[in-house]
Ligand SMILES: Cc1cc2nc3c(=O)[nH]c(=O)nc-3n(C[C@H](O)[C@H](O)[C@H](O)COP(=O)(O)O)c2cc1C
């Protein structure tokens, strides 16, 4: 039997088990759209503040929008108050998410000191009350899930208790990133906690942590018995990981992605971001992300030095075109570009 399998989350059936994890600052809808093109079966927005949403929804609204091709997406909310989280859930329902996800793993002090994110794991009963309140607001058609860590720190590993409390309160899926809040994003994730949850919970468990290749995904599915895998840092600059993992799990491996394919994906990402955010903002936001697309390719360090200064689409095209001098078609045609890059104008 293939490891690529549908996943049932309450009333929702997802066609497969390859998810894009929420990654703040990276998984905006332009990138999610590329991941869906490459076969992601479920995508997550980055964490969205329930407080900000309830106070004044307008500025947060762009973060909630789905991409045109994004049939199934989860909106992730964070907050420490039951009432506010429930109100926020009611607001986001207008976007018809497939799932509302509760962030119980964010380690950032700005978030935890308000009682939100990973701080919810310090009080499983409060976490459960928030799950119940969000579930009530979401209604019977929109399942609710929770994303947790292994615990607050090495002395307080309580992911099983938090997961069980969440499921009893109505969570239809639990995602686990098995590092503690104290670990942040350092060190290796301990997949044994995923194995434990997958064996004990009656709902699907999605595993997160150290997924960089199709082989990693295969190993996590095989070793832990989790229902789904969530790519996070492994997908940044590499949306192809979805098509490659699916092919790998189905026993028909694809040839490795070439540097040129990755650059073409980067330009497509930039194009979509320009449509959403305008050229100036998109180009600034894309600096770090564009570097991720060229990572490991020829002359990546030199390229990075130029890319982190780019502030217009034409500049990105110029930098790449100059770098790949002998590969004239490295830069794809760009319909968005008002003043197409003129190769004769190269310094
Ligand atoms: C920069 C960054 C931002 C993240 N933002 C979120 C977030 O908004 N919500 C969330 O639940 N997890 C967030 N995560 C955690 C990831 O979803 C994932 O669980 C974690 O990175 C472990 O997977 P990895 O080791 O494969 O990267 C973030 C991680 C990183 C590195």
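In my numbering, the protein residues as written are 226 to 572.
All C-beta atoms in this analysis are idealised placements derived from N, C-alpha and C, irrespective of residue type, glycine included.
Not one heavy atom of ligand 1 falls within 7 Å of the beta-carbon of residue 408. Counting the other CB atoms within 10 Å of its CB gives residue 500 a total below 16, which places it among the exposed residues. At the C-beta level, residue 342 and residue 329 come within 8 Å of one another. For residue 248, the closest C-alpha among the options 314, 229 and 269 is that of 269. For residue 271, the distance from the CB to the nearest heavy atom of ligand 1 is below 7 Å. Nearest neighbour of residue 285 by Cα position, chosen from 253, 308, 306 and 257, turns out to be 253. The Cβ atoms of residue 399 and residue 382 do not sit closer than 8 Å to each other.
Under the three-state reduction of DSSP output, residue 400 falls in the strand class.
Rounded to the nearest angstrom, the Cβ distance from residue 422 to residue 388 is 5 Å, consistent with a contact under 8 Å. If you look at residue 373, you'll find it in the beta strand (DSSP E) that goes 369-376.
When only Cα atoms are considered, residue 510 and residue 256 end up about 12 Å apart. The stretch 274-290 makes no contact with the stretch 403-413: fewer than 3 CB pairs, one atom from each, lie closer than 8 Å. By the beta-carbon neighbour count (other beta carbons within 10 angstroms, threshold 16), residue 425 is exposed.
Bridge pairing for residue 328: 372 [DSSP].
Rounded to the nearest angstrom, the Cβ distance from residue 233 to residue 480 is 33 Å, too far for a contact under 8 Å. For residue 410, no beta strand (DSSP E) encloses it, and the DSSP letter there is neither H nor E.
Take the alpha-carbon of residue 467 and the one of residue 349: they are about 34 Å apart. Following the DSSP letters along the chain, one finds residue 317 inside the alpha helix (DSSP H) bounded by residues 307-317. Across the structure, residue 412 and residue 294 are spaced so that their CA atoms are roughly 35 Å apart. In the structure shown, residue 296 falls within a coil segment according to DSSP collapsed to helix, strand and coil. Across the set 471, 377, 470 and 439, the C-alpha of 377 shows the shortest separation from the C-alpha of residue 338. Under a 10 Å Cβ-count criterion, residue 464 is classified as buried, with 16 or more other Cβ atoms of the shown protein chains found around its own Cβ. Going by beta carbons, residue 344 and residue 311 fall outside the 8 Å limit.
Look at the beta carbons and you see the stretch 448-455 not touching the stretch 490-509: under three pairs across the two are nearer than 8 Å. In the same chain as residue 392, and ignoring 5 residues on each side of it, the C-beta atoms closer than 8 Å to its own belong to 399, 426, 427 and 428, in chain order. For residue 395, the three-state secondary structure derived from DSSP is coil. The beta-carbon distance between residue 515 and residue 532, rounded to whole angstroms, is 5 Å. This is short enough to meet the 8 Å contact definition.
Rounded to whole angstroms, residue 365 and residue 236 show a C-alpha spacing of 8 Å. Rounded to whole angstroms, the Cβ separation of residue 241 and residue 471 is 7 Å, and the two are in contact under 8 Å. DSSP, reduced to helix, strand and coil, places residue 340 outside both helices and strands of the structure shown, so it counts as coil. Excluding its 5 nearest sequence neighbours in each direction, residue 484 has C-beta neighbours in its own chain below 6 Å: 522, listed in chain order. Residue 541 counts as buried, since no fewer than 16 other beta carbons sit within 10 angstroms of its beta carbon. DSSP, read as helix, strand or coil, puts residue 492 in helix. Taking all protein chains shown into account, residue 433 has 16 or more neighbouring C-beta atoms within 10 Å of its C-beta and is therefore buried. Sequence-distant partners of residue 303 (beyond 5 residues in either direction) whose C-beta falls short of 8 Å from its own C-beta, in its chain, are 272, 273, 274, 275, 327, 328, 331, 336, 341 and 342.
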